[in-house]
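Below you'll find the structure, written out as structure tokens, and then a few comments.
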Amino acid sequence: MIPRTLHVIWVGDESKRPDNCIATWRRHNPDWELKLWGNAELASYGWVNAPHMRAMAERELNGVADLMRWEILYNEGGFVVDADSICRRPLEPWLFEGEAMACWENELVRPGLIAAGYVASVKENPFFGQMVLDLQNSATLTDRMAWQSVGPLFLTECHRHYQYANLTIWPSQLFIPEHFSGARYGGGGTVFADQAWGSTLDTYDKLHQLELDA
Numbered sequence: 303m304i305p306r307t308l309h310v311i312w313v314g315d316e317s318k319r320p321d322n323c324i325a326t327w328r329r330h331n332p333d334w335e336l337k338l339w340g341n342a343e344l345a346s347y348g349w350v351n352a353p354h355m356r357a358m359a360e361r362e363l364n365g366v367a368d369l370m371r372w373e374i375l376y377n378e379g380g381f382v383v384d385a386d387s388i389c390r391r392p393l394e395p396w397l398f399e400g401e402a403m404a405c406w407e408n409e410l411v412r413p414g415l416i417a418a419g420y421v422a423s424v425k426e427n428p429f430f431g432q433m434v435l436d437l438q439n440s441a442t443l444t445d446r447m448a449w450q451s452v453g454p455l456f457l458t459e460c461h462r463h464y465q466y467a468n469l470t471i472w473p474s475q476l477f478i479p480e481h482f483s484g485a486r487y488g489g490g491g492t493v494f495a496d497q498a499w500g501s502t503l504d505t506y507d508k509l510h511q512l513e514l515d516a
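What follows is the structure, given as structure tokens:
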């Protein structure tokens with residue numbers, strides 16, 4: 303079973319951590335444990351890819367969070383959600399019936415790309431363990447943008463390369479009804495979250511100040 307633990311990662315300036323967004327996950331899912339991973343955990347956890355994290359920190363902090371994400375999923379299990387995501391309703395058990403789950407980023411704008419912001423897994427899943435090892439064996443991860451080398455493109459490439467068949471990939475509108483490109487889902491059905499795209503749209507300086515009605 304996928305543990306009922308929500309993981310949120312925020313490294314860098316903790317005065318700008320979007321606690322308003324994080325609180326929506328706690329409010330809608332009181333039966334889940336919520337664990338925050340910050341600068342203290344980055345410094346003390348004993349990460350396999352600590353050298354890559356230090357190098358990535360000089361370039362893209364969101365890349366550091368992605369590196370942490372894969373190790374958290376392997377070591378702890380649970381559901382890792384982006385800090386700039388806003389929960390809109392309680393999570394349903396059917397989302398987590400499999401061994402692992404994620405969602406597409408956007409089927410029309412970026413077909414075939416698996417989003418890295420909403421990924422869940424059982425503990426010690428060999429697929430995520432292999433991802434961690436592949437990253438460890440990489441000479442550098444800063445030769446491309448982080449979304450390519452450690453984020454959604456990396457996840458997608460690993461999924462295809464290893465033919466990992468136990469990853470349930472949900473439609474994007476469940477967690478990302480509005481893409482950063484402006485493409486927005488307009489149909490019916492359940493929407494569990496919104497994505498603020500803080501790093502992509504460079505809005506982290508203001509995101510933590512927004513009043514949310516979620």
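Take 303 as the starting number for the sequence shown in this note's numbering and just add one per residue. C-beta: ideal position from N, C-alpha, C; glycine also.
Exercise. Check each candidate in Asp333, Ala325 and Tyr347 and name the one with the smallest Cα separation from Asp384.
Key: Closest in alpha carbon position to Asp384, among Asp333, Ala325 and Tyr347, is Ala325.
Quiz prompt | Beta-bridge partners of Lys425, as assigned by DSSP | solution = In the DSSP assignment, no residue is bridged to Lys425.
Self-check item: Leu469: first and last residue of the uninterrupted beta strand (DSSP E) it sits in
Solution: Here the beta strand (DSSP E) through Leu469 covers Leu469 to Trp472.
Quiz item: Measuring CB to CB, does Ala402 end up less than 8 Å from Thr470?
Solution: yes
Quiz item: Using DSSP with H/G/I as helix, E/B as strand and the rest coil, what is Leu503?
Solution: Note on Leu503: pLDDT 49, under 50, position unreliable in the model; no value is reported.
Quiz item: Residues bridged to Asn408 by DSSP?
Solution: Arg412
Quiz prompt | For Phe477, three-class secondary structure by DSSP | solution = coil
Quiz item: Is the CB-CB distance between Val350 and Gln438 below 8 Å?
Solution: yes
Quiz item: Are the stretch 406-418 and the stretch 345-359 touching, with three or more C-beta to C-beta distances below 8 Å?
Solution: no
Quiz item: Among the residues of its own chain, which have a CB less than 7 Å from the CB of Arg361, if the five just before and after it don't count?
Solution: Thr444
Quiz item: Given Phe429, which residues of its chain have a CB within under 6 Å of its CB, disregarding the five upstream and five downstream residues?
Solution: Result list for Phe429: Tyr466, in chain order.
Exercise. Name the residue from Ala357, Arg329 and Glu373 whose alpha carbon lies nearest to the alpha carbon of Arg446.
Key: Ala357
Quiz item: Do the stretch 392-406 and the stretch 471-480 make contact, defined as three or more Cβ pairs closer than 8 Å?
Solution: yes
Quiz item: Just how far apart, CA to CA, sit His463 and Cys389?
Solution: Between His463 and Cys389, the C-alpha separation is close to 32 Å.
Quiz item: When DSSP labels each residue in this structure, what does Tyr420 get in the three-state scheme?
Solution: strand
Quiz item: CA-CA distance, Glu480 and Ala367?
Solution: 22 Å
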